[in-house]
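Chains as they are written, first to last, in my numbering: chain A, 37 to 273; chain B, 2 to 198.
Backbone N, C-alpha and C define an ideal beta-carbon position, used for all residues, glycine too.
To start, the structure under review is shown below, and the notes come after it.
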Amino acid sequence: MDLAHPERRERLDQLAAEYALGTLRGRARDRFARAMRSDPVVAEAARDWERRLAALAAAVPGITPAPRVWTGIVTRLGLHGAAEEAGLSWWQRLGFWRGFALASFAAALALSVLQLSGPGALPGETLVVVLAGPDARPAMIATAARNERVLTMKPVIDADPGPGRAYELWALPDGAAPQSLGVIPRGGVARIPLRSASGEALARIPQLAVSLEPAGGSPTGAPTGPVLFTGRVERFY
Amino acid sequence: MPAADPAERSARLAASLARVALADQRAFAALYGQTSAHLYAVALRIVRDPAAAEDILQEAYVSIWHNAGRYDAAKSQPITWLTAIVRNRCLDHLRRRDLDTVTLTPIDDDAPAYDIPDEGPAPPDLLLQGADASAVRACVEALEAGPRQAIALAFFQGLSHAELASHMRQPLGTIKSWVRRALERLKRCLDGAGLVR
């Protein structure tokens with residue numbers, strides 16, 4: 037391509053500008069991208085424009101992507117070392133769970149419905165967690181009597197983890213790594229045994245989460261798959 | 002992202018990229034933490050589909066992991082380099098989508114090609130916000146309203162000439178000359194202000 041010749045300089049600059057702006061499309065864009073790779077003058081013209089427009093791009097307010105984006109990247113690259121650990125401590129530091137603020141609103145709603153469903157729906161001193169996805173749709177409801185060593189999980193939507201996969205339940209302590217409460221057995225209402233009475237076992241746990249893991253649960257002791265549902269622990273005592 | 006001194010932030014990102022080129026996974030996680038919210042917002046504005054934006058972000062970081070060695074700190078700022086990777090993938094995505102739907106969608110010259118979301122700052126305002134911190138503001142304000150909006154919609158929402166024409170209800174030729182003239186004026190003004198080294 038003779039775009040780099042001085043007499044073509046003006047045309048090159050126009051193309052570079054439209055390339056960086058994004059209005060250069062289709063085959064013209066492909067041709068320009070090829071020329072950038074083979075011709076440093078073309079590449080420099082494009083970089084100059086990217087630089088000019090970058091000052092503007094800085095204004096876009098940031099939006100934290102869902103945790104599954106990072107786990108997806110790590111999985112695609114097959115990085116099972118520091119990136120996973122670093123990624124984990126990093127999302128905790130940043131309060132990644134804030135993305136689920138809407139979900140806790142849905143949870144509060146679902147909870148009030150649960151309470152309205154009549155006397156006996158919440159017997160005695162009870163702990164309730166409505167787990168919902170980022171779309172704020174409740175997916176599972178966990179309940180436990182304060183003095184019992186078992187958590188009852190009730191699916192609200194039909195959410196099968198798929199073949200070779202399992203849902204794993206996690207306790208999310210403030211400022212510490214998630215603790216596994218175990219794999220959620222498939223199909224219908226499930227009972228998850230706790231180490232001690234729920235009032236004690238979940239005393240300092242503000243939230244629970246469900247992640248998608250290989251069958252049998254996370255091999256690392258930390259969530260490795262996407263976190264699908266989270267919910268706030270509500271105590272009625 | 003903390004509002005650190007831009008030069009310091011750039012230096013930190015460049016250092017992370019250099020370590021990512023050596024397959025340092027921790028540096029990669031740190032880079033993701035420092036840049037993913039910005040890059041996701043950029044992608045979401047252009048493709049306007051959270052699932053597609055997430056896919057693009059994943060592809061982009063996979064590519065960053067493999068190509069970090071090709072980043073040249075002498076030639077561009079790290080965030081400029083990263084943003085270009087994401088923007089190019091977004092534009093490829095829009096193009097693939099257009100190819101997929103072109104035979105299915107009847108052409109309607111009167112309707113905007115896309116619904117422009119109402120929430121958040123409008124693109125022309127973003128253009129001015131982006132300009133806020135520097136002399137760029139004067140350059141952006143010097144543009145006439147139509148060309149300024151065309152540039153903003155193309156840049157922040159990935160609209161093509163044809164989509165701009167449809168959205169702004171202007172002839173295609175008018176749009177093309179608005180964009181071209183606005184870019185020329187921006188260049189003269191920005192370079193005059195010493196913003197491009």
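Residue i (DSSP reduced to helix, strand or coil)
i	result
B/Lys201	There is no way to answer for residue 201 of chain B, as the model of chain B reaches only from 2 to 198.
B/Gln158	helix
A/Gln215	strand
A/Tyr273	coil
A/Arg112	helix
A/Pro76	helix
A/Pro197	coil
B/Leu191	helix
B/Ala151	helix
B/Leu173	helix
A/Ile241	coil
B/Asp93	helix
A/Arg61	coil
A/Ile99	coil
A/Ser254	coil
A/Glu46	helix
B/Asp99	helix
B/Ala143	coil
Per DSSP, cross-strand counterpart(s) of residue i
i	result
B/Val48	Bridge partners of B/Val48: none, in fact.
A/Phe265	A/Val246
A/Val166	A/Ile177
A/Val186	A/Pro229
A/Pro191	A/Met176
A/Glu204	A/Val219, A/Ser247
Nearest-angstrom Cβ-Cβ length linking residue i and residue j, presumed shorter than 8 Å
i	j	result
A/Ala213	A/Ala258	6 Å
B/Gln78	A/Ala52	Not quite, the Cβ-Cβ distance comes to about 17 Å (not below 8 Å), so this is no contact.
A/Thr179	A/Val164	5 Å
A/Ser232	A/Arg271	With a Cβ gap of about 16 Å, A/Ser232 and A/Arg271 do not count as contacting.
A/Val219	A/Gly252	7 Å
B/Val87	A/Leu113	Their Cβ separation, rounded to whole angstroms, is 17 Å, which puts B/Val87 and A/Leu113 out of contact at 8 Å.
A/Leu264	B/Ala155	At roughly 37 Å, the Cβ-Cβ gap does not stay under 8 Å, so A/Leu264 and B/Ala155 are not in contact.
Under 8 Å by beta carbon: chain A residues contacting residue i
i	result
B/Ser37	Thr100, Pro101, Val105, Trp106
B/Glu55	Pro101, Ala102, Arg104, Val105, Gly108
B/Leu92	Gly58, Arg61, Arg65
B/Ile152	Leu57
B/Leu45	Ile99
Neighbour list for residue i in chain A, Cβ cutoff strictly below 7 Å
i	result
B/Ser161	Thr59, Arg61
B/Gln59	Val105, Gly108, Ile109, Arg112
B/Ala155	Leu57, Gly58, Thr59
B/Arg88	Gly58
B/Leu191	Arg88
Partner residues on chain B for residue i, Cβ-Cβ distance less than 9 Å
i	result
A/Ala53	Val180, Arg181, Leu184, Glu185, Leu187, Lys188
Contact set between residue i and chain B, taken where Cβ atoms lie within less than 7 Å
i	result
A/Arg281	Only positions 37 to 273 of chain A appear in the structure, and residue 281 of chain A is not among them; the question remains open.
A/Gln50	Arg181
Near the ligand NAD: residue i beta-carbon under 7 Å from a heavy atom
i	result
B/Val180	Because no ligand of any kind appears in the structure shown, any question about the ligand NAD cannot be addressed here.
Contacts of residue i in chain A (Cβ-Cβ under 9 Å)
i	result
B/Arg96	Arg61, Gly62, Arg65
B/Ala85	Ala56, Ala82, Arg83, Glu86, Ala90
*If you measure beta-carbon to beta-carbon, which residues of the region 62-78 of chain B are closer than 8 Å to chain E?*
The structure shown contains no chain E; the protein chains it does contain are A and B.
Tell me the start and end of each unbroken alpha helix (DSSP H) in the region 9-59 of chain B that is at least 4 residues and wholly inside, in chain order.
26-48
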